[in-house]
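Below is one structure; the comments refer to it alone.
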Amino acid sequence: MAPPPRRPTAFEVSFPDDFLVEQELERKEAELSRKRKLEAESLAESSKLEDAFRRPELPARFFTLPPSANKWVVEANFRPPDEDAESEVKHNGKPVRVLTNFCIFDATEANLLAKAQHQLVLPDAVKQADAPTRFAVGIYSLFEDVDEDVGQDDHDQDPGFITLHDISLCAVDYADANAPIFIETKLAYYELRDPLTQYGDLWANYFMAPRRMACSLLAQAADPRSTVLRGTHQEQQTAIPYILEALEDVAFAHLKQTPLLRQLLGGHMNDRVFRPRGSRPQTRSMVGNPDIALLRPENQLQTHVTPLILKLARPYFTEQLHVIGARAPPEDTKAQAAAARNVLKEFMEIARNPPPSISYPVTQERSHSRFGTSHMFSEARIGNIHYRVGEFVLVRRGPWREMPAATLELDPVNDTLPRKFWFGRIVHFNSRDNFVHLRWLTHGSELLLGDMAHPQELYYTLLCEDLPASSIVAKIDVSNTPHTKPNSYFARRVYDSRDASFTDIDHELEEMFQNRQAPHGCVDCHFYEKREATEQWKLIRDDPNSAADVKNGILYRGFKYHTHEFLLFRNEAANGPAHIGYIKSILVNPRQLTPQLELCLVLRISELKEIRNDPNNFDPERHLVLTDERRKIPVTQAIRPIHVYALSFFRNADELERWTRYSPYNFYVHYRLPSQNSDSRSTLWPDSRQTISPDTFYVCEFCPSDMFQLQQAEEKFDQDEASEDVDCLDLFGGTGAFSWGISEGTRGWLKPTHLVEITPSAARTAQKNSPNLSVYCQDANKILEYCIKSSEYHTITTPAQNWDNKTPVPPPMRGGKNTKMRAIFAGLPCQSHSGLNMFRKAEDKKGNLILTTLSYIDFFRPTYVFLENVPGFLRFNLGARQTSIHTVEGGEDMGGLALTYRALLEMDYQVRCGLLQAGSYGAAQNRIRFFLVAAKSGHTLPKLPQPTHDFPVINQLSIKLPYGHKPPDVTVNKFKEFVFPINTARGRAAHAAVTIEDAIGDLREFDWKHPNPRKASQELRRTLEVRKNLGVLAIKCDRGKAFCGLEEAEYKHMPRTSFQKWARARPTQNLQHFTRCLLPRTVERVIAVPLKSGADYRDLPSDLRDEYQSSHALSFVGRNMFRGNLYGRLNGSGYFPTTVTNIHPTAKQSKVLHPNCLRMVSVRELARSQGFPGKSADWFVFEAKNNNIITMHRQIGNAVPFPVSRALGRELRSARLKDYKKLQREDSSDGPVDPHGSMC
């Protein structure tokens, strides 16, 4: 009689999917038990061979469980987030995942957590009776996950660890020495990548090394030309068990009869060995997306470098770097160090002597003095040495800030001249006080360069001081050019501690001050006085027709203000952009310390209501309204003048657009509102507004004249620059947004000509949107080699484009002596520079791409360089080693930045860097990024742009840099100072922040269609009905299709903001206003999140919320108490969080639900969050294989926000124009500035 049918339990009814999973687990558990039985039998049969070829004894290594181990996820309780579950690759019905930072050990279930330490074992080791279960711990990730979002925001959290129970080794692929190694559990397969440091030597030397030797020996045996096997006898012997393991595979069985193997194996040819029974996942068949596969570690090429970069980088990188080009002869560093020590000893002996006597030339007194005062001298005798103005001297180091004075004791190993002495340059002597006025220089080791500084390079500091003349120890030889004499130095740059910049010495200014009378001959005093003077106001006369004693303006902080002129003045409430005023008069009261400006208040039209249908609102961000409201402000509240003309002044819309695009400080006005106070505005607008006529609207005639003169000069500048044949490279270019943004900021003066990008879809996108761009879809290392070897006339195969592996890449770019490279832009891959750099891997070649970038700069020597990365780059320590799960030790503090600076300075570049906030330049996004700007010597170094938009996220964007010398026995310099290159104070910017509604409000609304409307709550059904009646489309999120949404170019309404107008300047046929298609249950949750700002999964109906929490309670997200923003809805009046590559309601960046629609944001809406890319942004189309939306998300998330790059471009144009005007004044091409950026 058959057993009665089993009734389903309550759990099975409530969660049928989970019950099916449990059934599947039971089946897999039985299958795994059978496998282990076979493994045991195999082990017994191979005991004889184990005795004959016993592997070397493993050194004892132990894994110490951290205190947080009790919070680690056990695999049996683990449920991946929704976006991971739907993306996981499968093999034999199991997901294939990746385990990084892993180690393996044996233990019992009972003592797993109770025991503090577990001895590490290899995955194929024989299990011991007292520890029958094999465990692995590590960090879980998707098999194809390339960690593109690591470091994308600067708040990376500690990733969770997973504990794997009862693991077994899968069969090893002996056909490929670099094939991945997999382990199997009853639930999944895991590829083992990047072991923990304490497990690294066991893994490399005792597990991987003999298997790689086996691969090599098998390959030799298969080659009929091989007559002798490689490797030592010991290496061959340890490889024999793995050769026998491979020979059991049918693919290698034919090699049993080869002479080499017969000789090696001898009588063991037919011995059986333990062979892993689990089938390994076929990784080659899984590489369906080349955009992912090409970024995986095993597909990255060796880092290619030039000889110069090799010389600078070699001590700090473990990778074997591939050098392209002839290496320079090695330097005799030992001899140089010995000579430097001898010089130091000599000066230390002098410093120990008592203070010398001081005398001044009698003949120079009064009548013969070069200076006009009797106590000022240009020379003096100190002891037996004669010192003159302009000479360089050593001064014994005293205390400075938190640093103590240097001692007279000498450490022969670590002490150097800069550690014991300061460097100065004599300006004048003061005989009355026996003082010497010195300009201070500093050695690079006392700056951010640290130990990477050139041993003989000094930098002027813009600092000077009066010191007792007796403090001078000796003269020191300092020249303008590099050399190698051990007792000599050189100085060719000025270091400004206010913005951490290194710039050229102004030799013309130096020469001018050299002949000035004391105490006015100090350049550093001049700069200090100049800065002080800018803080003081001064009445000026700019009207040549007015009387000499009539002042018509005021000068303050470098800006002139006149009557009938517009200006920005400080918003004291700091709750929005700066206020705008129209100057009626300048009031000077002798009884008041500060003059006042009498203003008419000016409004931005966006501050008023009922403006949407105004036919004159051509550019809402630049449209002003003049009022009769009066206000008096002290001149100290003035920020800068702005330029405003009446709308009727412009002949057509194109002329108005050129005007507003010329500068972020150009506006127009069309209405006057006769309001007397803020309360009357709403009652008077719009009925009582008056149109302004240019005939009655008075504008200052002096300030615009300077601008128009500049504009005329720029026309010739543009013509001359356009005639030049130059190159411009976008390296790691993605879609090309970085270079095109800068190009627009330069107003087309600089156009990208070449782009290097490894991933096919991004390269195709760049090519489609810029047909004239030469795109190299290849690894940047390979293209560097291609260009260098081609320039040296080596025979080299032309690489093929990655998008088809057939089409040859374009011809090589011109470099070396034939370079015509004007600029290089590089947005470096950021994963290795995460805020969590404790998980950076020493062998991760992505982290070494900074060396590739510097090598491109070395070979092409462009005039300008722009680098972009995440803020974590500032904390990128070179040579750091991970000593445990949660700690790293050693390495060069801020070494990534220091190496970059050192290399650029070595190549004769000027450099500055800073952090920029995208929202401060017109992006509707909170995104902070690191930028570095460099310019060749002889060219003006572009500034970093100051904010133009008042972004509400307050961040000082400071950089903490080391100063002084760190003790030789420590890694991190404790002496650090903050640098503030960007003024982030609110209430000062010209424009209001761009909101999400400003950016995407004109795009058509549509919802996802509910997958199961009958299950929706009554409240949700009412919402769906209301939206249907409003005409909002509900589109099915069909997993069988590539996307869900609208392709056609239809908009909700006409542009209502400057951002919308700018995005739609050019028509498009493919708007790409569509989303990913997610799992039905995920879609259901998204639709159920209420349509209110800030809503998230916690606002879901109880059934959906409780199900989500219970099914993910032990996931990484669940253990973090289900942080907010999961299924998070955006605020239309706010801004996007940092746009990253993984866009999903449960991803790390999960606040992705549309503010007003029942869906996540679309591709076009994400593109607009990045300002993508410039004028006619909606015309820009993203290419992706099979219309893969995730690939499009990656392209958008990896881009540099267009408004930021455009702001950088404006500063680049300003710097270039400054050089051009200087050259025009000199009227000679023989000046120090090369206007075309060619090699000097």
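Position 1136 of the sequence shown, counting from 1, maps to 1136 under the UniProt record's numbering, and the rest follow consecutively.
Glycine included, C-beta positions come from ideal geometry on N, C-alpha and C.
Source: prediction; values computed, not measured.
Under a 10 Å Cβ-count criterion, histidine 254 is classified as exposed, with fewer than 16 other Cβ atoms of the shown protein chains found around its own Cβ.
For secondary structure counted as the beta strand (DSSP E) over 3 or more consecutive residues, the region 599 to 624 holds no complete run. For asparagine 1187, the secondary structure class from DSSP, reduced to helix, strand or coil, is helix. Between tyrosine 582 and threonine 636, the gap from beta carbon to beta carbon reaches 9 angstroms or more.
The beta carbons of leucine 944 and alanine 935 sit about 13 angstroms from each other, so the pair does not count as a contact at 8 angstroms.
Taking the Cβ atoms as the reference, asparagine 877 lies roughly 15 angstroms from phenylalanine 930, outside the contact range of under 8 angstroms. Isoleucine 605 has its alpha-carbon roughly 6 angstroms from the corresponding atom of valine 625.
The continuous stretches of alpha helix (DSSP H) do not include phenylalanine 1180, and DSSP gives it neither H nor E.
Rounded to whole angstroms, the separation of the alpha carbons of lysine 551 and asparagine 384 is 58 angstroms.
Under the DSSP assignment, serine 790 falls in the alpha helix (DSSP H) whose first and last residues are 780 to 791. Linking aspartate 477 to asparagine 487 through their CA atoms gives a straight-line distance of about 7 angstroms. Short of 7 angstroms from the beta carbon of glutamine 956, and not among the five residues preceding or following it, lie these beta carbons of its own chain, in chain order: Phe980, Thr984.
A residue is called buried when at least 16 other Cβ atoms come within 10 angstroms of its Cβ; aspartate 998 meets this threshold and is buried.
Rounded to whole angstroms, the separation of the alpha carbons of alanine 1042 and tyrosine 1127 is 22 angstroms.
Excluding sequence positions up to five before and after valine 395, its CB lies within less than 8 angstroms of the CB of Phe421, Trp422, Phe423, Gly424, Leu438, Leu467, Ser471, Ile472, Val473, all in the same chain and listed in chain order.
Put simply, of Asp908, Cys913, Tyr909 the residue whose alpha carbon is nearest the alpha carbon of glycine 896 is Cys913.
Relative to serine 501, the option among Leu905, Lys1185, Lys71, Val588 whose CA is nearest is Leu905. Within its own chain, the residues whose Cβ lies closer than 8 angstroms to the Cβ of leucine 587, once the five positions on either side in sequence are excluded, are Pro595, Gln596, Leu597, Glu598, Lys632, listed in chain order.
Taking C-beta separations shorter than 6 angstroms and ignoring five residues to either side along the sequence, the partners of valine 726 in its chain run Lys820, Arg822, following chain order.
Annotation: the continuous beta strand (DSSP E) that includes lysine 584 extends over 579 to 587. Where asparagine 869 is concerned, the enclosing beta strand (DSSP E) starts and stops at 864 to 869.
For arginine 97, the three-state secondary structure derived from DSSP is strand. Out of Ser682, Ser1214, Gly964, the CA that lies nearest to the CA of glutamate 446 is found in Gly964. Residue range 259 to 265 is occupied by the alpha helix (DSSP H) that includes arginine 262. Excluding five sequence positions before and after glycine 325, the CB atoms of its chain that fall closer than 7 angstroms to its own CB belong to Thr306, Pro307, Ile788, given in chain order. DSSP, read as helix, strand or coil, puts proline 290 in helix. Tryptophan 740 is positioned such that its CB atom lies no closer than 9 angstroms to that of phenylalanine 717. Taking 9 angstroms as the cut-off, the Cβ atoms of cysteine 1157 and glutamate 1048 do not count as close. Asparagine 652 sits in coil when the DSSP states are folded into three classes, being neither helix nor strand. Around the C-beta of serine 693, fewer than 16 other C-beta atoms lie within 10 Å, and the residue is accordingly described as exposed. Sixteen is the threshold: since fewer than 16 other Cβ atoms of the shown chains lie within 10 Å of the Cβ of histidine 483, the residue is exposed.
Secondary structure at lysine 90: strand, using DSSP grouped into helix, strand and coil.
Inter-segment contact for the region 396 to 411 and the region 425 to 433 is absent: fewer than three beta-carbon pairs are separated by less than 8 angstroms. DSSP, read as helix, strand or coil, puts threonine 627 in strand.
Non-local beta-carbon contacts of alanine 340 in its own chain, meaning distances under 6 angstroms to residues more than five positions away in sequence, involve Pro486 in chain order. Around arginine 622, the same chain offers Thr660, Asn666, Phe667, Tyr668, Ser1058 as residues with beta carbons nearer than 8 angstroms, after the five sequence neighbours per side are excluded.
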